[in-house]
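In this note's numbering, the protein residues as written are 37 to 1179.
Glycine included, C-beta positions come from ideal geometry on N, C-alpha and C.
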Amino acid sequence: MNAQTLFELPRNAAEQQWRLAEVQLANWGTFHGRIYRIPVSRKGHLITGPSGSGKSSLLDAIAAVLTPDRWLKFNVAAQGSGPRVGQRTLVSYVRGAWSRAADEDEDRIVSQFLRPGATWSGILLRYENESEPGRPVTLARLMFAKGTVSQSADVNSLYLLDRSAIDLRELEPYVHRGLDTRKVKENWPDAVVTSGTSHGRFYSRMRNLFAIPNEGALHLLHRTQSAKNLDSLDHLFREYMLEEPATFRIADTAVEQFGELRDAHARVVELRMQRDHLAGLWDAAVRYESATAQAESVRQLADAVLPYEKHRSLVLARGESAALAQRIAQLDSDVVDAEAESRRTSEDHDAARSRSMKLGGSHAEQLQHRIRDAEGRARETKERWEALQRQLAAARIAEAPTTAAEFSELMETISRILTSADTAPGPSHGEHDRRSVARTAVERVEREIRDLRESRTGVPGALLAARRAVTDAVGLPTSALPFAAELMEVDPRHAEWTGAIERVLRPLALTMLVRRENLAAVRREVDRLEVRARLVYEEIPEEIAAPRPAGSDRSLVHRVRVREADGAFGQWIQSTISARYDYACVESPDEMDRYTRAVTRRGQVKISRTRYEKDDRFAVDESRHWVLGDGAAKLEALVASLREAGAEYQAASAVVEKAEAERTADQRRHGALEAIREQKWSDVDQATARAEVEDLTRRLSELTRADGDLHAAVGAADSARRAHEAARDRLGDARLELREARRERTRVDGAIADTEAALASGEIPELGAAATEKLDTRFRQFQRKITRENIQEIGHRVVQQLNRERDQASAIGLRAGNEIAQLAAQFNERWPAAAASAELTASLDDRETYLRVYEEIVANGLPNHEASFLKLLRERSRDLVGELVSEIRSAPQAIIDRVSPVNDSLGRSPFDEGRFLRLRVKVSRSETVNRFVADLRSISEGSWSDEDTGSAERKFETLAEMMRRFSSSAHIDRTWRTQCLDTRLHVAFLAEEVDANGRVHATYDSGAPMSGGQQQKLVVFCLAAALRYQLAAPDDPFPRYGTIIMDEAFDKADVHYTRMALDVFVEFGFHMVLATPQKLLQTIEPYVGAATSIENPSRKRSLVADVAWREGATAQVAGAAEGHAREQPNHTSDRARPEEATA
């Protein structure tokens, strides 16, 4: 085919084709101050000139009308050339940017504009169709920029489409002072006029007139302007030939339909989370009830100890009374026997005495009486001496005197002692103070234990009282104003650091937390009340900063647990700890140099780079002063502290009592010595008393020795006397024992009567068999034999043991109760709707309601929702993904079917001598796509069963993750979505070079190494086929719209390839408007009917000359630029004559 026959197109087809006939523009780039009219040859048109003259600006003006702004890119032929990329914009064209210079004031490069103030721009395109003479299509875009506009989005635009020949001069009055859309519509009532930011109606009407099937063709036409950059077959066909696949629509529909299934699963997950959460509350409630019941049982048992003692004492007393009755009966018999014996011995003594008297024993009897009296005096003297000995021993004098000299010496010693007055002073003030302080400590610890048991927190009682006063005044529960200490605790894994961490966090721990909505009321009441404590409180803002990363792994931040971490209070505490208390926990003070803030295990704190602190007013490990956590550890510590305080009080009391006892002993000693000093020697002279008895006994012996009968009678009388005295003593003892037994029985019976009366009146409660049995066991553990004398002591020990058990159970109950309250608060905060519907209050007292909710979830709620979810999952899974799987699987064949017409177009023109191009589609799915398809199949295929809930969950998780990524706006997910759903990316495009018989001689793909010309030629051929496919119906010989704009076309191809590519475009019936910087002119000459030469010698204004094509026109075009430099504006060719325009 030669150049002559090339243009002999079917007349009816060529006449019906719309081709660009004229371009008018004003105030566009360096086309400044005038209206430029540039006629365009219907055969083809060449725009040439040196670089920077305005060729691309003219082509960009055409694109600014034909291409929707969302695709519009200016100067695309220069893309990739470095600094020029992205410098041209709509506003830079409207303003007339012509140079860039340094701004010394702002130290940057700025553009210089021809039109810096308010200005307008206009572009008009006229298309003609020879089958409709006199009815051209005029397309225009009018733009206005206010003086302050610097962004393209702020430039106002008006689009116009009319079936008449309109001149830009006619439109100027309606734009040069601002767009007057209403007047334009009034003057061209049949025109399509759009303004603002929506111009879809303009482009729709234009495509209908030009028979352009879709907007994608407009995009492809615009990209054709920079065809040299379309160097990839894959890119060309994926982006500009094939429409977006239906998979995106199907995926969007799937995401919408997935909502019901997602909601059903979310409800199941929510119920499972509620179940698991409330299961923890159930466990805590079981522990709480058990511990509370244990504590109450032990308390009741402790309260029953005293009644038990009374009941047990009554039983013992009754036993004693019965034993005493028997003893009294026996003693009565013993007294009768003793009385009989006393009478008998008295009679025997009288008879023996009578015989003695008859034998002359009156004098002997007198001696016996005197002996008895002397013996009596001797006994009394001995008793007084023994009493003196005891008195002297009590007065710390070892020996009692046995001679008058010793007694005299004793009196002198006593006088010296009494004179010296060196007595014990008694307890000192310090010893009294020690006992008083110890007693106060005991009372304080007992008070703290009572407060802790009531409040279940380690916060000091004064602060709790202050909070209670505030909450009562404001009308809030105490849980609404927590102290930070109640919401955090030391991680048990770092329990050895508790004391040190307590020191650091104490200021925060004793801070009361107030939400913003409660702040005003709390602030007023705190100001009004006298809180009687140092109350610190902080506002919890609505927006809480995220916790900062800890400064090191040893940070205190990692060693503290925060309860209710998802709530506002917990989030604030976490944020505050990370911001204010990022202290490194170091083992040695030498390590502190490595950190700005640090704390040692012994409680030394480094507050800043230069400040240190150690507060040892309380020992670092003194746990009774700790405030963090639920208070259980503090309760145990307080109980231990109470034992220590009690021991100290007992020790201090012992010292005082000892001193008082010593003083009392000294006082008693002085009194005893005073009494001893009043005694006489004769009162304790045992030797004289014994001598008198011995003398009388000797005289009686001498008297009776001479008369044997008298001696025997006297001896018998004396024996009878002694026997009678012994019987009389036994009688006295028996009577005394009887009286004492009767008196003891009276006392025991009195106690029995009192106890029975107390029992009858209810003063002493009755005890059940179970309590009695338990206390029997406990009492026996301390003493096998229990009497009324030791029962109280044993009872005291039993009560102490029971109190310890109660404290332990209370501590367990306290922890469990706090856990219940915490879990309840977390439940209400995480699921407020569920809490509101069940009327749940986050308190220990409402635990039964939470347990009923738990039972309902386990018994009905969760099973029912799980069944509904599984049913919906079975019904929806295949529907959601089945169509998507089918679309992806069938996409390669659909693309092959779409490429087939392009191959028909390529077969109409040889690619090379005797060679044609043929496109082949190859499936090329990435591993990501293969995994995606596998996931789809795992959902849509396989069997379902009610028993296989785990498999159903896995399918849902796969489906949910897929839907999440489909709807995600994250870049990585959008990339994945495109890779998986854009089936155009699942194939690669190969170009095969074949002969007339279809035999393949070469194969090209996008990644094959090719020369620039070869690559450009290959893509241009395919581009021409794609344009033909996009713009013409399959049965039409040529497209109804024919103008193709190409900027710097074929800059990499040689003459042969350029001509062959142009042949392809012409063969396909396209009208070529080509721009080239005075290159390949002779090659292009056969394909155009006229040329426009553009010059810009001043860089501020483009000059245009139009040259009609004729033989030798190439030289004329080459010399046109030189003529521009000499011509005045009023000498410009008539066909390209500019007129003055208002800037």
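- [ ] Note down the Cα distance separating residue 466 from residue 886, rounded to an integer number of angstroms.
- [x] Roughly 58 Å between the two C-alpha positions.
Task: Contacts around residue 1075, its chain only, beta-carbon distance under 6 Å, and the 5 residues preceding and following it disregarded - done: 1067, 1068
Task: Nearest-angstrom Cα separation, counted from residue 650 out to residue 536 - done: 10 Å
Task: CB of residue 62 within 8 Å of CB of residue 74, strictly - done: no
Open item on the list: Can you tell me where the beta strand (DSSP E) holding residue 162 begins and where it ends?
Closed with: 155-164
Open item on the list: If distances are taken between C-alpha atoms only, which option among 344, 592, 212 comes closest to residue 805?
Closed with: 344
- [ ] Inspect the beta-carbon positions of residue 708 and residue 462 and report whether they are closer than 8 Å.
- [x] no
Open item on the list: Check for me: the alpha helix (DSSP H) holding residue 958 runs from which residue to which?
Closed with: Not the alpha helix (DSSP H): residue 958 falls in the beta strand (DSSP E), residues 952-959.
Open item on the list: Under 8 Å: do the segment 293-309 and the segment 985-1001 share three or more Cβ pairs, one atom per stretch?
Closed with: Judged by Cβ distances under 8 Å, the segment 293-309 makes contact with the segment 985-1001, as three or more pairs qualify.
Task: Segments assigned beta strand (DSSP E), at least 3 residues, entirely inside the segment 160-205 - done: You should have 173-181, 192-198.
Task: Check whether residue 1077 and residue 238 have beta carbons under 8 Å apart - done: Not in contact: residue 1077 and residue 238 (Cβ atoms no closer than 8 Å).
Open item on the list: Among 446, 888, 689, 476, whose alpha-carbon lies nearest the alpha-carbon of residue 720?
Closed with: 446
Open item on the list: At the level of alpha carbons, what is the spacing between residue 44 and residue 1091?
Closed with: Confidence at residue 44 is low in this model, with a pLDDT of 46, below 50, so the placement of that residue should be treated as unreliable; the coordinate-derived value is given next. Distance between the alpha carbons of residue 44 and residue 1091: 23 Å.
TODO: Put residue 640 into one of helix, strand or coil per three-state DSSP.
DONE: coil
Open item on the list: For residue 103 and residue 1054, what's the separation of their Cα atoms in angstroms?
Closed with: 25 Å
TODO: Evaluate the contact criterion for the segment 312-321 versus the segment 817-826: three or more CB pairs, one atom per stretch, below 8 Å.
DONE: Touching, no.
Open item on the list: Between which residues of its own chain and residue 440 is the CB-CB distance below 7 Å, once the five residues before and five after are set aside?
Closed with: Cβ neighbours of residue 440 beyond the five flanking positions: 717.
Open item on the list: With DSSP as the reference, identify every bridge partner of residue 596, one or two as the case may be.
Closed with: Residue pairing by DSSP places residue 596 opposite 526 in a beta bridge.
Open item on the list: Counting C-beta neighbours from all protein chains within 10 Å, is the total for residue 53 16 or more, i.e. buried, or is it exposed?
Closed with: buried
- [ ] Report back the beta-carbon spacing between residue 353 and residue 824 to the nearest angstrom; my notes put them in contact at under 8 Å.
- [x] 6 Å
TODO: Would you kindly check if the distance between the Cβ of residue 674 and the Cβ of residue 481 is under 8 Å?
DONE: Contact check for residue 481 against residue 674 passes: the beta carbons are separated by less than 8 Å.
Task: Proximal residues to residue 982 (C-beta, below 6 Å), its chain only, five neighbours per side dropped - done: Confidence is the limiting factor: at residue 982 the pLDDT is only 47, short of 50, which leaves the residue's position unreliable, though a coordinate-based value still follows. Contacts found: none.
Task: Which of helix, strand or coil DSSP assigns to residue 1025 - done: strand
TODO: For my contact list, residue 610 and residue 583 are in at a C-beta cut-off of 8 Å; report their separation, rounded to the angstrom.
DONE: 5 Å
TODO: Within the same chain, show all residues whose beta-carbon is closer than 7 Å to that of residue 119, passing over the 5 residues directly before and after it, in chain order.
DONE: Summary for residue 119: the model assigns pLDDT 41, below 50, so the residue's position carries little reliability; its value from the coordinates is reported in the next sentence. Nothing listed; no residue qualifies.
TODO: Round the Cβ separation of residue 1108 and residue 261 to the nearest angstrom and send it over; I've been treating them as touching at under 8 Å.
DONE: So it is not a contact: roughly 12 Å between Cβ atoms.
Open item on the list: Going by DSSP in three states, residue 717 sits in which element: helix, strand or coil?
Closed with: helix
Open item on the list: Taking the straight line between their C-alpha atoms, what separation do you get for residue 797 and residue 863?
Closed with: A straight line joining the alpha-carbon of residue 797 with that of residue 863 spans about 52 Å.
Task: Of the listed residues 954, 939, 884, nearest to residue 321 (C-alpha basis) - done: 884
TODO: Output the distance between the C-alpha atoms of residue 221 and residue 155, rounded to the nearest integer angstrom.
DONE: 22 Å
Task: Per DSSP, the bridge partner or partners of residue 366 - done: According to DSSP, which records beta bridges pairwise, residue 366 is partnered with nothing at all.
Task: Own chain, CB closer than 6 Å to residue 498, minus 5 neighbours either side, in chain order - done: 569
TODO: Taking 8 Å as the cut-off, decide whether the C-beta atoms of residue 555 and residue 575 are in contact.
DONE: Yes. Within cutoff.
Open item on the list: Restricting to Cα atoms, I'd like to know which of 281, 57, 907 is closest to residue 1013.
Closed with: It is 281 whose Cα lies nearest to the Cα of residue 1013.
Open item on the list: Could you check whether residue 752 and residue 410 sit closer than 8 Å to each other, using their CB atoms as the reference points?
Closed with: The answer is no: Cβ separation not under 8 Å.
Task: Proximity of residue 634 and residue 642 at Cβ, strictly below 8 Å - done: yes
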